[in-house]
Amino acid sequence: MVTVVDYGIGNLRSLEKALEHIGATVHRTDSPNDIVKATHLVLPGVGAFGACINEVRRRGLEQPILSVIDRGGPFLGVCVGMQMLFTVGLERGEHAGLGVLSGRVIPFAYQDSSYKVPHMGWNVISPRFASPLLAGLAQASRCYFVHSFHAEASDSGDVLATTEYGYVFPAVVARGNAFGVQFHPEKSQRVGLRILENFMRIQDSP
Amino acid sequence: MALAKRIIPCLDVDCGRVVKGINFVDLVDAGDPLEQAHYYDEEGADELVFLDITATHEERGIMLDVVRHTADQIFIPLTVGGGLRCLEDMRRMLQAGADKISINSAALHDPELITRGAEAFGSQCMVVAIDVKCTEKGIWEVYTHGGRRPTGRDGLDWAVEAQERGAGELLVTSMDRDGTQDGYDLSLLSALDERLTIPIIASGGAGSLDDLRDAFLIGKAHAVLAASIFHFRKYTIGEAKAFLGRHGITMRET
Chain A
21 MVTVVDYGIG NLRSLEKALE HIGATVHRTD SPNDIVKATH LVLPGVGAFG
71 ACINEVRRRG LEQPILSVID RGGPFLGVCV GMQMLFTVGL ERGEHAGLGV
121 LSGRVIPFAY QDSSYKVPHM GWNVISPRFA SPLLAGLAQA SRCYFVHSFH
171 AEASDSGDVL ATTEYGYVFP AVVARGNAFG VQFHPEKSQR VGLRILENFM
221 RIQDSP
Chain B
9 MALAKRIIPC LDVDCGRVVK GINFVDLVDA GDPLEQAHYY DEEGADELVF
59 LDITATHEER GIMLDVVRHT ADQIFIPLTV GGGLRCLEDM RRMLQAGADK
109 ISINSAALHD PELITRGAEA FGSQCMVVAI DVKCTEKGIW EVYTHGGRRP
159 TGRDGLDWAV EAQERGAGEL LVTSMDRDGT QDGYDLSLLS ALDERLTIPI
209 IASGGAGSLD DLRDAFLIGK AHAVLAASIF HFRKYTIGEA KAFLGRHGIT
259 MRET
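Here the protein sequences line up with chains A and B, keeping their order. Per the numbering used here, the very first residue in the first sequence carries number 21; after that it's consecutive. Per the numbering used here, the very first residue in the second sequence carries number 9; after that it's consecutive.
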């Protein structure tokens, strides 16, 4: 079973259906007790960083989420759910993140106006080292991205895969069993479904 | 190794049935939006657009079911447009599983709708569709209501306003070219590219693979919306991608 944190922001239907498609049983919840007990935990997020993290905190979900990560339970943050793993987000003001990973979430910035923002569409993810999350993917696999802010990790060891859009930024981050993907696996067709399958196969490693 | 340019088939849906979609293929039910969506997904479409052309308000609820069934099984981005007039309409469509919603006449009638939509749901799901026709003075005038009503507004100005109000993407249709198969309006696309910092989806006029190539290479479009050239099986999406790839345009291979 996979527990999807439902904190009232965004539409979780696609993510839920993609997880069901690969055979997972989905439990959508904003109950701190259910989150603490999760075997696999997914934290989605769309829209602004501050709005997301504030809602997570307002519902008292920060500690439950951190407790799952601390005990090595498989965790997957998606899009802003990935960004929230970092120390701080700079979207519409400065907002403290969950602080699992050290770094900031900053806007795309270009001198060259040919780079349109949001970064929207299918782009290549380039793994930097082997990980069960990205097992079995073809070289130069593309995933669907849509975002105007990206993570900047202080510790490059946390960056599992990168993507290039004018410059290189983290597309997949990982520390232990805590993973985050900047793209939308639920919208990335076969590649995305494979990543979700891989995630569901990861077991606790305290 | 760069962001891929996108090919987006558009299906016109009336009362839950595809009325402008894939023609003469071996589909069990060619009028079924889900079946057509599956077909295009398998062929390598990068996104899908459903345009609801249902005339009466009472029957619009049917589209929600169409979107639900499609989004439950097709794992590529789905944009839905047509008849969305208020935040509640948009919310319902997003909750049904649309990833983006496209607004046109309603945004011109009430530009604040873009702002409020972007605040409520995020810019990433706000597509503003703009239909323009070139006037004698050489400006691109905006039309609404499926191209029936001229507004007197300059399309380039409106595009900039839509961006400033929080649109994440623009879907721009040249009414002069739409249905002609004479190619996209490349000067319109270039003019938009110069003024805007958000991605543009080009629409109206695709008749050949050269037209798609020109929209990307000359018009600098980020995506092309195409209907008849794929619906009539003139080309498959795979053939289009192979052709574009040979011309140095980055495509997603599937």
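We put the beta carbon where it would ideally sit given N, CA and C, even for glycine.
Option in the options with minimal Cα separation from residue i
i, options, result
"residue 110 (chain A)", "A:198, A:99, A:125 and A:87", "A:125"
"residue 61 (chain A)", "A:179, A:67 and A:87", "A:87"
"residue 159 (chain A)", "A:165, A:167, A:148 and A:169", "A:148"
"residue 242 (chain A)", "B:206, B:215 and B:46", "Lying before the first or after the last residue shown, residue 242 (chain A) is absent from chain A, which here runs from 21 to 226."
"residue 85 (chain A)", "A:140, A:34, A:26 and A:45", "A:26"
"residue 69 (chain B)", "B:25, B:145 and B:198", "B:25"
"residue 164 (chain A)", "B:153, B:155, B:132 and B:138", "B:132"
"residue 75 (chain B)", "B:67, B:250, B:64 and B:87", "B:87"
"residue 63 (chain B)", "B:255, B:27 and B:148", "B:27"
"residue 117 (chain B)", "B:129, B:158 and B:102", "B:158"
"residue 242 (chain B)", "B:111, B:232, B:227 and B:217", "B:217"
"residue 66 (chain A)", "B:94, B:130, B:41 and B:103", "B:130"
"residue 172 (chain B)", "B:78, B:126 and B:256", "B:126"
"residue 152 (chain B)", "B:123, B:114 and B:175", "B:114"
"residue 138 (chain B)", "B:166, B:156, B:121 and B:119", "B:166"
"residue 53 (chain B)", "A:57, A:91, A:221 and A:210", "A:210"
"residue 41 (chain A)", "A:223, A:222, A:214 and A:224", "A:214"
"residue 71 (chain B)", "B:85, B:83 and B:89", "B:89"
"residue 129 (chain A)", "A:191, A:24 and A:186", "A:186"
"residue 98 (chain B)", "B:73, B:83, B:128 and B:77", "B:128"
"residue 177 (chain B)", "A:139, A:38 and A:170", "A:139"
"residue 180 (chain A)", "A:170, A:188 and A:194", "A:194"
"residue 89 (chain A)", "A:78, A:108, A:192 and A:120", "A:120"
"residue 21 (chain B)", "B:50, B:56 and B:51", "B:56"
"residue 100 (chain B)", "A:74, A:30, A:205 and A:57", "A:30"
"residue 115 (chain A)", "A:91, A:77 and A:146", "A:77"
"residue 238 (chain B)", "B:169, B:102, B:202 and B:47", "B:47"
"residue 106 (chain B)", "B:119, B:11 and B:92", "B:92"
"residue 113 (chain A)", "A:46, A:53 and A:69", "A:69"
"residue 45 (chain A)", "A:224, A:59 and A:51", "A:59"
Sheet register partners of residue i (DSSP bridge)
i, result
"residue 143 (chain A)", "A:163"
"residue 222 (chain B)", "DSSP, once it has assigned bridges, lists no residue as partnering residue 222 (chain B)."
"residue 99 (chain A)", "Answer is none; residue 99 (chain A) lacks a bridge partner."
"residue 185 (chain A)", "A:187"
"residue 108 (chain B)", "B:87"
"residue 59 (chain B)", "B:20 and B:89"
"residue 211 (chain B)", "B:181"
"residue 115 (chain A)", "A:109"
"residue 123 (chain A)", "A:173"
"residue 25 (chain A)", "A:49"
"residue 179 (chain A)", "A:193"
"residue 232 (chain B)", "B:15 and B:210"
CB-CB length for residue i against residue j, believed under 8 Å
i, j, result
"residue 97 (chain A)", "residue 153 (chain A)", "Not confirmed; about 12 Å, so no contact."
"residue 6 (chain B)", "residue 208 (chain B)", "There is no way to answer for residue 6 (chain B), as the model of chain B reaches only from 9 to 262."
"residue 203 (chain A)", "residue 95 (chain A)", "No, residue 203 (chain A) and residue 95 (chain A) are not in contact; Cβ-Cβ is about 17 Å, not under 8 Å."
"residue 150 (chain B)", "residue 196 (chain B)", "That pair is no contact at about 12 Å."
"residue 235 (chain B)", "residue 23 (chain B)", "About 19 Å; that fails the 8 Å criterion."
"residue 197 (chain A)", "residue 93 (chain A)", "7 Å"
"residue 230 (chain B)", "residue 156 (chain A)", "Contact doesn't hold; Cβ gap of about 30 Å is too wide."
"residue 194 (chain B)", "residue 233 (chain B)", "Contact doesn't hold; Cβ gap of about 15 Å is too wide."
"residue 117 (chain A)", "residue 102 (chain A)", "Between residue 102 (chain A) and residue 117 (chain A) the Cβ distance is about 10 Å, and since that is not below 8 Å, they are no contact."
"residue 262 (chain B)", "residue 13 (chain B)", "Between residue 13 (chain B) and residue 262 (chain B) the Cβ distance is about 14 Å, and since that is not below 8 Å, they are no contact."
"residue 80 (chain B)", "residue 136 (chain A)", "At roughly 30 Å, the Cβ-Cβ gap does not stay under 8 Å, so residue 80 (chain B) and residue 136 (chain A) are not in contact."
Report task. With 8 Å as the C-beta to C-beta threshold (strictly closer), list the residues of the segment 37–62 of chain A near chain C in chain order. Result -> The structure shown has no chain C; the protein chains it does contain are A and B.
**Report entry** Residues, ordered as in the chain, of the segment 127–157 of chain A that lie near chain B by beta-carbon distance below 8 Å
**Finding:** 133, 134, 136, 137, 138, 139, 140, 141, 142, 143, 144 and 146
Query raised in the report: Residue ranges of each alpha helix (DSSP H) run of no fewer than 4 residues wholly in the segment 113–193 of chain B, ordered along the chain?
Result: 113–117, 120–129 and 163–172
Query raised in the report: When Cβ atoms are compared, which residues of the segment 112–131 of chain B fall closer than 8 Å to chain A?
Result: 129, 130 and 131
**Report entry** Within the segment 11–54 of chain B, ranges of the alpha helix (DSSP H) (whole runs, at least 4 residues)
**Finding:** 41–51
Query raised in the report: Looking at chain B, which residues of the segment 203–221 of chain A have a Cβ within less than 9 Å of any of its Cβ atoms?
Result: 204, 205, 206, 207, 208, 209, 210, 212 and 213
Query raised in the report: Which full runs of the beta strand (DSSP E) of 3+ residues lie inside the segment 34–71 of chain A, going along the chain?
Result: 46–49 and 60–63
Query - Residues from the segment 197–209 of chain B in contact with chain A, defined by Cβ distance under 9 Å - result: 201, 202, 204, 205, 206, 207 and 208
**Report entry** Within the segment 188–223 of chain A, ranges of the beta strand (DSSP E) (whole runs, at least 3 residues)
**Finding:** 198–201
Query raised in the report: Which of the residues in the segment 153–187 of chain B, read from start to end, lie with their CB under 9 Å from any CB of chain A?
Result: 176 and 177
Query raised in the report: For the segment 79–107 of chain B, which residues have a CB atom closer than 7 Å to at least one CB atom of chain A, in sequence order?
Result: 79, 80, 83, 84, 85, 102, 103, 105 and 107
Report task. Give, in chain order, every residue of the segment 240–261 of chain B whose Cβ lies closer than 7 Å to some Cβ of chain A. Result -> 260
Query - Members of the segment 183–197 of chain A that neighbour chain B once the beta carbon cut-off is set at 7 Å - result: 184 and 185
Query - Residues within the segment 11–25 of chain B neighbouring chain A, beta-carbon criterion of under 9 Å - result: 11, 12, 13 and 14
**Report entry** Near-chain A residues of the segment 37–57 of chain B - C-beta to any C-beta below 8 Å
**Finding:** 49 and 54
Query raised in the report: Which residues, in order along the segment 162–175 of chain A, keep a beta-carbon less than 9 Å from a beta-carbon of chain B?
Result: 162, 164, 165, 166, 167 and 168
Query raised in the report: In chain order, what residues of the segment 75–100 of chain A put their CB closer than 7 Å to some CB of chain B?
Result: none
Requested in this report: Pull out every residue of the segment 220–231 of chain B whose Cβ sits closer than 9 Å to any Cβ of chain A, in chain order.
Outcome: 228, 230 and 231
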